[in-house]
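J.: Residue numbers for the sequence shown follow the working numbering, so the first one is 967 and each next one is one higher.
Backbone N, C-alpha and C define an ideal beta-carbon position, used for all residues, glycine too.
Bear in mind the structure is a predicted one, so any value in this text is a computation, not a measurement.
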Amino acid sequence: MIYSFAEFLWIFFVYSFIGWVLESIVSDIKNRKLVNRGLVNGPFCVIYGFAAVAISFGLHELHGFWLFLISAVIATVVEWIGGHVIESMYHERWWDYSGIKYNLDGYICLPVSILWGIFGWVGITFGNKFFIFLFELVPD
967 MIYSFAEFLW IFFVYSFIGW VLESIVSDIK NRKLVNRGLV NGPFCVIYGF
1017 AAVAISFGLH ELHGFWLFLI SAVIATVVEW IGGHVIESMY HERWWDYSGI
1067 KYNLDGYICL PVSILWGIFG WVGITFGNKF FIFLFELVPD
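#1: Anyone know if the C-beta pair for Gly1072 and Asp1062 falls short of 8 Å?
#2: According to DSSP, is Ile1013 part of a helix, a strand, or is it coil?
#3: To the nearest angstrom, how far is the alpha carbon of Pro1105 from that of Ile1098?
#4: Under a three-way DSSP split, which group does Ile1040 fall into?
#5: With a threshold of 16 other CB atoms inside 10 Å of the CB of Ile991, please say whether the residue is buried or exposed.
#6: Apart from the five residues on each side of it in sequence, which residues of its chain come closer than 8 Å, Cβ to Cβ, to Phe1034?
#7: Flag this pair as touching only if the segment 993 to 1002 and the segment 1010 to 1019 have three or more C-beta atom pairs under 8 Å; answer yes or no.
#8: Which term fits Gly985, buried or exposed, when burial requires 16 or more other beta carbons within 10 angstroms of its beta carbon?
#9: Give a yes or no on whether the C-beta atoms belonging to Phe979 and Gly1015 are separated by under 8 Å.
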């Protein structure tokens, strides 16, 4: 399915919000206190949105293992680039996988890449259809 610009924008914001929810839950559990993992105090982790749009744009016709694998690769590249951009702009590391085996620069690692592949597969297989259905319910 080819999406319109408005649908891609919707996908970006929905998955950015879902990413914020996931990141906040994991961070809250890890730190045992509430932590806002959003961008500039907003409820969005835009790396999830960028990855979702990239995957939705290029992989909507793939299925099964290939959808999982290429989703993992695309999202991992987005995360790696995002990590370097954030560090160069803010002089901070917002995440660090250095302690995890099979990492690159501490920004990406194999276990998280596998998780990205699962997220991509679920998003294309089920999520996008559901979220576009919701988007179409919104009146013009």
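T.: Taking the definition as stated:
#1: By 1-based counting over the sequence shown, the position of residue 1072 is 106. By 1-based counting over the sequence shown, the position of residue 1062 is 96. In this structure, Asp1062 lies closer than 8 Å to Gly1072 by Cβ.
#2: Locating residue 1013 in the sequence shown gives position 47, where the first residue counts as 1. Ile1013 falls in the helix class under three-state DSSP.
#3: As a position in the sequence shown, residue 1105 is number 139, starting the count at 1. As a position in the sequence shown, residue 1098 is number 132, starting the count at 1. Cα to Cα, Pro1105 sits roughly 13 Å from Ile1098.
#4: By 1-based counting over the sequence shown, the position of residue 1040 is 74. Reduced to three states, the DSSP call for Ile1040 is helix.
#5: Mapped onto the sequence shown, residue 991 falls at position 25. Per the 10 Å Cβ criterion, exposed.
#6: As a working note, residue 1034 is residue 68 in the sequence shown. Here the set comprises Gly1083, Ile1084, Gly1086, Trp1087.
#7: no
#8: To locate residue 985, count along the sequence shown from 1; it is residue 19. Buried, because 16 or more other Cβ atoms sit within 10 Å of the Cβ of Gly985.
#9: Stepping through the sequence shown from its first residue, residue 979 is reached at position 13. Stepping through the sequence shown from its first residue, residue 1015 is reached at position 49. For Phe979 and Gly1015, yes; Cβs fall inside 8 Å.
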